[in-house]
Structure formats: C-alpha cells, structure tokens
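Visitor: Quick one: the structure is below, questions incoming.
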C-alpha cells in the first residue's frame with residue numbers, strides 16, 4: 224500500500240492518495256498525483272492530516288477486495304472524527320462495484336472508475352484537468368514501472384480483469400520511449416516493464432507483437448542499466464523475445480510467467496490457450512537459450528474440478544522445473560467470469576494443504592539455491608540503507624522489488640555507497656530468502 228500526500232499551494236487543501244494492489248495501479252496513482260500537481264498541488268508522503276483522501280482500490284481477487292474495503296472503512300472511521308474529511312474511491316473496485324459501494328457505504332463522497340482519473344482531478348480542483356507530461360514516483364528514485372498497455376484481450380475463465388479494464392490498448396512506442404527517457408533523467412536505473420499481458424504489446428496498434436523491439440529501444444536509453452520484464456503470457460511466447468532477452472545485456476535474465484497450472488484439462492478449463500506439453504517446452508526452451516535465466520511464476524490450486532492426480536501433475540512439474548521464484552494462490556470464484564458458474568468443489572482445507580505443499584517446495588529450492596551461491600560473486604542494485612541494522616539492502620538481477628529475495632551487505636571501507644548503485648558483491652552466507660554479502664572491487 225502506497226501513501227502520497229498532496230498539498231494545494233493556494234487553498235492549503237491536503238490530498239492523500241492511498242494505492243492498493245498491483246504496480247499497474249501504482250502507475251495510475253503516480254499519474255494522478257502528477258495531474259494534481261499540474262493543477263496547482265504538490266506532493267509529499269503520508270496522509271494523517273489530509274482533507275481529501277483518494278483510495279485507488281484493487282478488485283482482482285477476494286483478498287484484495289477485502290483489503291480495499293477495509294481501507295475504505297478505516298478512512299470512514301477517521302471521517303467520524305473529522306466531518307470535513309472527503310473520501311474519494313477510484314480504481315478497480317470502484318469500476319466493478321460502483322452501485323453496490325454507493326448503496327452499502329454511503330459515507331463515500333465520490334466514486335470513479337479506472338477510466339475516470341481525469342474526473343478525480345476535476346472533482347478535487349473544480350476545474351478542467353490539465354494533463355501532466357510526467358509522473359510523481361512513489362518508488363525509490365532508482366527504479367520505476369513502465370506500463371506499456373491497458374486492459375487485456377485474453378479470456379482466462381477465472382479472471383475479471385478484462386471485465387474491469389477492458390480490451391488491450393497499447394501505448395504508442397514513441398510515447399513509451401519518451402516516458403522512459405523522462406524516468407532516466409530523474410535517476411531511474413532499473414525499468415520494470417508491466418501490463419496485463421506484456422508479450423501481446425503492440426498487437427492492437429501494429430498488427431503484430433512488438434515487445435522485443437520495444438525492449439531493444441528501451442535498452443538504448445542512456446542511464447537505464449537494468450530492464451525487467453513482468454506479466455508475460457505463456458501462450459504464443461515470441462521466439463524473438465527470447466532472442467532479445469538472451470542477447471541484450473541490459474535486459475536482466477529474469478522473466479515473470481504466470482503459468483497458473485500444468486494439468487492440460489485444468490489449463491483448458493482456465494482457457495489459457497496452452498497445454499502441459501507446450502508449457503514444459505516453453506520453460507525448457509527458456510532455460511536452454513538463456514542458461515542463467517531466473518523464472519518467476521504463479522500457480523492457482525483448488526480450481527473447480529482439480530483432482531488429486533491433476534494437482535500431483537502440477538506438483539511434480541514445479542519440482543522438475545525448479546522455478547527460482549513463484550507464488551501460489553487458492554482459487555476463489557469471481558462474479559461474471561466463465562469459471563464462476565463452475566462448482567467451487569474443492570474444500571478450503573484442501574486448497575490450503577495444496578498451497579502449503581507447493582510453498583514448501585519453494586522454500587526447499589530457495590535454501591538449496593542460496594547455499595550454492597555462497598562464495599560466488601554477482602551484481603546487486605542498492606535499494607536502501609537500514610539505519611537500525613547499519614547495513615545496505617539490495618537485490619540481484621534475479622529479484623524484482625517487493626516480491627523476491629534481498630541481499631544485505633555492509634558498507635565497504637572507503638567506498639561511498641548510495642541507493643541506485645549497481646555494485647559487485649560476494650555471498651558469504653545464505654538464509655531462506657536473503658543473502659549476506661560483502662562488497663568486492
């Protein structure tokens with residue numbers, strides 16, 4: 224959850240932005256903050272004394288919806304102490320459940336969907352919104368997310384994103400290059416490329432997938448050192464993308480591929496457009512052509528009709544492929560999706576057991592992999608200095624911010640270290656999800 228505090232230069236009205244959910248939502252909030260600044264406001268963090276609270280909600284899965292609703296209710300509690308506090312709700316939850324929220328939480332002052340961020344600004348300022356040419360980053364200044372498209376053309380049976388965000392709309396490549404150059408000028412070293420489906424970038428604009436040329440163009444921007452690709456879709460994964468990742472030194476050897484399952488009948492019911500044979504071929508191809516690649520994935524357990532043998536297929540596949548990073552979710556039915564009509568017939572206890580079984584493999588892999596790294600040298604990007612422990616915290620190229628592992632290392636004698644630096648480190652000891660390192664010349 225990201226907090227931003229925006230002060231009006233003229234009226235001293237204080238506006239706080241609370242962002243729930245994924246990095247794609249974060250980018251929307253950053254653009255919203257910039258728009259408020261463009262219209263006479265400036266930004267700081269925190270929001271305890273804000274006059275207006277904008278909650279940019281997530282509505283993807285039940286846990287995310289509950290978290291967003293709880294945040295709305297928390298702010299309403301504040302409103303009881305300050306009747307002048309105005310609460311504005313936007314984002315995916317507002318897009319999907321606008322009428323229900325208006326009816327059940329009347330204390331909300333205004334609701335705006337995912338296509339109405341300009342209206343949020345107009346509502347707050349009372350004027351026609353001037354569009355900004357920049358973003359106000361809520362991440363540390365050395366990394367930023369680049370959202371290359373909105374919406375999704377996939378029809379996964381369990382997913383409500385196309386219902387909420389609509390069909391895929393790619394951003395023109397020239398505009399993305401210009402945005403990335405602005406980010407680089409601000410000191411961004413690591414560019415994290417995101418969308419609902421990054422591999423399909425450009426299909427709607429150019430009639431073909433243009434993700435590989437986009438990454439190549441981004442890599443030519445001065446100041447950008449690492450490019451990280453997230454949210455790739457396994458079906459139709461382009462060979463030219465693999466070639467670009469393998470040959471381009473600025474693209475980190477890391478790819479995020481949410482596979483969701485391995486059993487062919489489950490994948491077919493999920494409408495993933497790929498079966499178990501093609502899935503394994505893709506992972507094998509990635510490992511062969513990019514030998515040092517780290518693969519992150521996500522899996523869903525307890526999907527309707529998932530048998531013991533189908534879960535075992537997934538379990539054995541995960542063991543066989545030894546994914547460097549992965550997350551596991553228990554299936555939860557989403558209204559208006561094709562899978563919603565299927566009987567949610569897997570008991571909660573069984574879902575939790577299957578999730579635990581997969582996560583145990585992840586821990587075993589992580590310990591084994593980290594212990595093998597002791598004594599090796601690698602590059603790491605410095606994220607921040609932990610003043611309490613008097614130690615620097617960063618990540619290797621195999622680790623995305625917030626969701627993956629970290630490295631910790633002491634300051635080097637006589638060497639100035641600061642966030643955003645890419646340093647050479649040697650692993651001296653290993654934990655479950657972190658590495659203790661020392662800086663080497």
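Residue numbers (my numbering): 224 to 664.
From the three backbone atoms N, C-alpha and C, an ideal C-beta is built for every residue, glycine too.
1. Please classify residue 562 as buried or exposed, where buried requires at least 16 other C-beta atoms within 10 Å of its C-beta.
2. Is residue 610 buried or exposed, if buried means 16 or more other CB atoms sit within 10 Å of its CB?
3. Please determine, among 297, 567, 246 and 475, the residue with the shortest C-alpha to C-alpha distance to residue 362.
4. Starting from residue 539, trace the alpha helix (DSSP H) in both directions and tell me its first and last residue.
5. Taking the beta carbon of residue 576 as the centre, do at least 16 other beta carbons fall within 10 Å, making it buried, or is it exposed?
6. Compute the Euclidean distance between the alpha carbons of residue 279 and residue 434, then round it to the nearest angstrom.
7. Taking DSSP as the reference, what is the three-state secondary structure of residue 232?
8. Return the CA-CA distance between residue 370 and residue 404, expressed in angstroms with no decimal places.
9. Taking C-alpha atoms, which residue in 328, 322 and 357 lies nearest to residue 256?
10. Please classify residue 398 as buried or exposed, where buried requires at least 16 other C-beta atoms within 10 Å of its C-beta.
11. Give, in chain order, every unbroken run of the beta strand (DSSP E) that is at least 3 residues long and sits entirely within the stretch 240–315.
12. Which of the three DSSP states, helix, strand or coil, is assigned to residue 651?
13. Decide yes or no for the touch test of the stretch 599–609 against the stretch 634–647: beta carbon pairs closer than 8 Å, at least 3 of them.
14. Considering residue 407, what are the terminal residues of the alpha helix (DSSP H) in which it resides?
15. Hey, residue 291 and residue 243 are a contact pair by Cβ (cut 8 Å); roughly how many whole angstroms apart?
16. Buried or exposed: residue 613, going by 16 or more other Cβ atoms within 10 Å of its Cβ?
17. When DSSP labels each residue in this structure, what does residue 437 get in the three-state scheme?
18. Using a Cβ-Cβ cut-off of 8 Å (strictly less than) and excluding sequence neighbours within five positions of residue 669, which residues of its own chain qualify?
19. Are the beta-carbon atoms belonging to residue 531 and residue 574 less than 7 Å from one another?
20. Should residue 429 be labelled buried (16 or more other beta-carbon atoms within 10 Å of its own) or exposed?
21. Give the single residue among 652, 295, 499 and 436 whose Cα lies nearest to the Cα of residue 457.
22. Can you give, in chain order, each stretch of the beta strand (DSSP E) that sits fully within the stretch 579–635 and has at least 3 residues?
23. Report all residues from its chain with a CB closer than 6 Å to the CB of residue 464; omit the five preceding and five following residues, and keep chain order.
24. Is it true that the CB of residue 332 sits closer than 7 Å to the CB of residue 310?
25. Go to residue 479, then tell me how far its alpha helix (DSSP H) extends in each direction, as first and last residue.
26. Is it buried or exposed, residue 425, if we count other Cβ atoms within 10 angstroms and call 16 or more buried?
27. Comparing C-alpha positions only, which one of 472, 305, 316 and 474 sits nearest to residue 294?
28. Let me know the secondary structure DSSP gives residue 553 once reduced to three states.
29. For residue 370, which three-state DSSP category applies?
30. Near residue 438, what residues of its chain come up, given a Cβ to Cβ distance below 8 Å and the 5 sequence neighbours on each side ignored?
31. Measure the C-alpha to C-alpha separation of residue 551 and residue 657 and round it to an integer number of angstroms.
32. With DSSP as the reference, please indicate the residues paired to residue 658 in a beta bridge.
33. Please list the segments of the beta strand (DSSP E) lying wholly inside the stretch 446–499, counting only runs of 3 or more residues, in order along the chain.
34. Classify residue 579: buried if its beta carbon has 16 or more other beta carbons within 10 angstroms, exposed otherwise.
35. Please report the distance separating the alpha-carbon of residue 413 from that of residue 645.
Guide: To lay it out plainly:
1. buried
2. exposed
3. 246
4. 531–544
5. exposed
6. 28 Å
7. Caution applies to residue 232, whose pLDDT of 46 falls short of 50 and renders its modelled position unreliable; the model cannot decide the point.
8. 14 Å
9. 357
10. exposed
11. 264–267, 275–280 and 309–314
12. strand
13. yes
14. 396–408
15. 5 Å
16. exposed
17. helix
18. Past the boundaries of the shown model lies residue 669; the chain is included only from 224 to 664, so the question cannot be answered.
19. no
20. exposed
21. 499
22. 600–609, 614–619 and 629–632
23. 434 and 435
24. yes
25. Element bounds for residue 479: not the alpha helix (DSSP H) but the beta strand (DSSP E), 474–479.
26. buried
27. 316
28. strand
29. strand
30. 416, 450, 452, 464, 467, 468, 471 and 474
31. 20 Å
32. 630 and 653
33. 449–452 and 474–479
34. exposed
35. 10 Å
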